[in-house]
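Each remark here refers to the structure printed beneath this line.
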Amino acid sequence: GENVEQHPSTLSVQEGDSAVIKCTYSDSASNYFPWYKQELGKRPQLIIDIRSNVGEKKDQRIAVTLNKTAKHFSLHITETQPEDSAVYFCAASISGEYGNKLVFGAGTILRVKS
Amino acid sequence: GAVVSQHPSWVICKSGTSVKIECRSLDFQATTMFWYRQFPKQSLMLMATSNEGSKATYEQGVEKDKFLINHASLTLSTLTVTSAHPEDSSFYICSARDPVRGSPLHFGNGTRLTVT
Numbered sequence: 001g002e003n004v005e006q007h008p009s010t011l012s013v014q015e016g017d018s019a020v021i022k023c024t025y026s027d028s029a030s031n032y033f034p035w036y037k038q039e040l041g042k043r044p045q046l047i048i049d050i051r052s053n054v055g056e057k058k059d060q061r062i063a064v065t066l067n068k069t070a071k072h073f074s075l076h077i078t079e080t081q082p083e084d085s086a087v088y089f090c091a092a093s094i095s096g097e098y099g100n101k102l103v104f105g106a107g108t109i110l111r112v113k114s
Numbered sequence: 001g002a003v004v005s006q007h008p009s010w011v012i013c014k015s016g017t018s019v020k021i022e023c024r025s026l027d028f029q030a031t032t033m034f035w036y037r038q039f040p041k042q043s044l045m046l047m048a049t050s051n052e053g054s055k056a057t058y059e060q061g062v063e064k065d066k067f068l069i070n071h072a073s074l075t076l077s078t079l080t081v082t083s084a085h086p087e088d089s090s091f092y093i094c095s096a097r098d099p100v101r102g103s104p105l106h107f108g109n110g111t112r113l114t115v116t
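Just so you know, the sequences run in chain order B and L.
So that you can map any letter, position 18 of the first sequence is 18 in our numbering, and since no number is skipped, the others follow by simple counting.
So that you can map any letter, position 25 of the second sequence is 25 in our numbering, and since no number is skipped, the others follow by simple counting.
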């Protein structure tokens, strides 16, 4: 089955710096790659996603890049702010009998120091 | 606003008892819902795929007789943790996708289960 690896497990950056989180996936059939932000005790919130027919997508300070050949995708956060501190999960969507299900990476704890 | 509602948000139960968690899609019909479990400081692990009108599909290693899933209507799926034990204490989150609009996956608020 699909396996999603995520690095780093923790990331500390200074406010205003950029943060990059990387993920790799194993199933070449995966075609949808969302990124979620989760604050303590709360549900994951979708922050950006990308489909396999696109190489890059940007939304204000957040961007995601996808390399289908290498089977990896990355989250880029620029001009980080303290409120960006949270756990970030990447995921890859694989087709199941009853629709696409998401397999999540292990998560990255992002700390933005002011 | 929330498009997937989950109840209760937290529950404490005694070992050996059963707990039911409800997941509702509020403004769309979900033929498929997904149940995840998240232990502290860990990722979300898919437990099972809930299918309206048919049996749930369980992930490898998840006991179907312990985690009973019922998807009786297009807007409601329930997860019952039977004979709960302390090791079942976790954060359970349901999710669903609007089949008409497609992605993204909407998550419920989650249920914090503590078994004493």
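Ideal Cβ placement from N, Cα and C applies to all residues, glycine included.
Next on the checklist: Please list the terminal residues of the continuous beta strand (DSSP E) segment that includes Pro34/B.
Outcome noted: If you number the first sequence from 1, residue 34/B lands on position 34. 32 to 38 is the extent of the beta strand (DSSP E) around Pro34/B.
Item to check | Test item: CB-CB of Phe28/L and Val11/L under 8 Å | outcome: By 1-based counting over the second sequence, the position of residue 28/L is 28. By 1-based counting over the second sequence, the position of residue 11/L is 11. Cβ atoms of Phe28/L and Val11/L: not closer than 8 Å.
Checklist entry - Which whole-angstrom value is the C-beta distance of Leu44/L and Phe33/B, which I expect to be below 8 Å? => result One-based indexing of the second sequence puts residue 44/L at position 44. One-based indexing of the first sequence puts residue 33/B at position 33. Going by Cβ atoms, the distance from Leu44/L to Phe33/B rounds to 15 Å, so no, they are not a contact pair.
Checklist entry - Nearest-angstrom Cα distance between Met33/L and Thr111/L? => result As a position in the second sequence, residue 33/L is number 33, starting the count at 1. As a position in the second sequence, residue 111/L is number 111, starting the count at 1. Straight-line Cα distance between these residues: approximately 15 Å.
Item to check | Contacts around Leu102/B, its chain only, beta-carbon distance under 6 Å, and the 5 residues preceding and following it disregarded | outcome: Position 102 of the first sequence, counted from the start, is the residue given in the question as residue 102/B. Answer for Leu102/B: Ala91, Ser93, listed in chain order.
Checklist entry - Any idea if Ser9/B is buried or exposed, counting beta-carbon neighbours within 10 angstroms, 16 or more meaning buried? => result Counted from its first residue, the first sequence places residue 9/B at position 9. So Ser9/B ends up on the exposed side.
Checklist entry - So His85/L is in the beta strand (DSSP E); what residue range does that whole segment cover? => result One-based indexing of the second sequence puts residue 85/L at position 85. First-last for His85/L: undefined, no H or E at that position.
Checklist entry - What does Phe107/L touch in chain B if you count any residue whose Cβ is under 7 Å from its own? => result As a first step, residue 107/L must be located in the second sequence, where it is residue number 107. Those within 7 Å of Phe107/L in chain B are Arg43, Pro44.
Checklist entry - Mapping DSSP to helix, strand and coil, what is Glu83/B? => result Locating residue 83/B in the first sequence gives position 83, where the first residue counts as 1. Helix.
Item to check | Neighbour list for Asp27/B in chain L, Cβ cutoff strictly below 8 Å | outcome: Your numbering for residue 27/B matches position 27 in the first sequence. Those within 8 Å of Asp27/B in chain L number zero; the least Cβ separation is about 14 Å.
Checklist entry - With distances taken between CB atoms, is the gap from Ala72/L to Ser25/L smaller than 8 Å? => result Taking the second sequence and counting its residues from 1, the one referred to as residue 72/L is at position 72. Taking the second sequence and counting its residues from 1, the one referred to as residue 25/L is at position 25. No, they are not a contact pair.
Checklist entry - Does any C-beta atom of chain B lie closer than 8 Å to the C-beta of Thr49/L? => result Position 49 of the second sequence, counted from the first residue, corresponds to residue 49/L. Cβ-Cβ to chain B under 8 Å: yes for Thr49/L.
Checklist entry - In chain B, which residues lie with their C-beta within 9 Å of the C-beta of Pro8/L? => result Here residue 8/L refers to the residue found at position 8 of the second sequence. Those do not exist, as Pro8/L stays about 14 Å from chain B at its closest Cβ, beyond 9 Å.
Checklist entry - Roughly how many angstroms separate the alpha carbons of Arg37/L and Ile93/L, rounded to a whole number? => result Counting from 1 along the second sequence, the entry for residue 37/L is found at position 37. Counting from 1 along the second sequence, the entry for residue 93/L is found at position 93. Cα to Cα, the separation comes out at about 6 Å.
Item to check | alpha helix (DSSP H) runs wholly inside the region 18 to 52 of chain L, at least 4 long, in chain order | outcome: none
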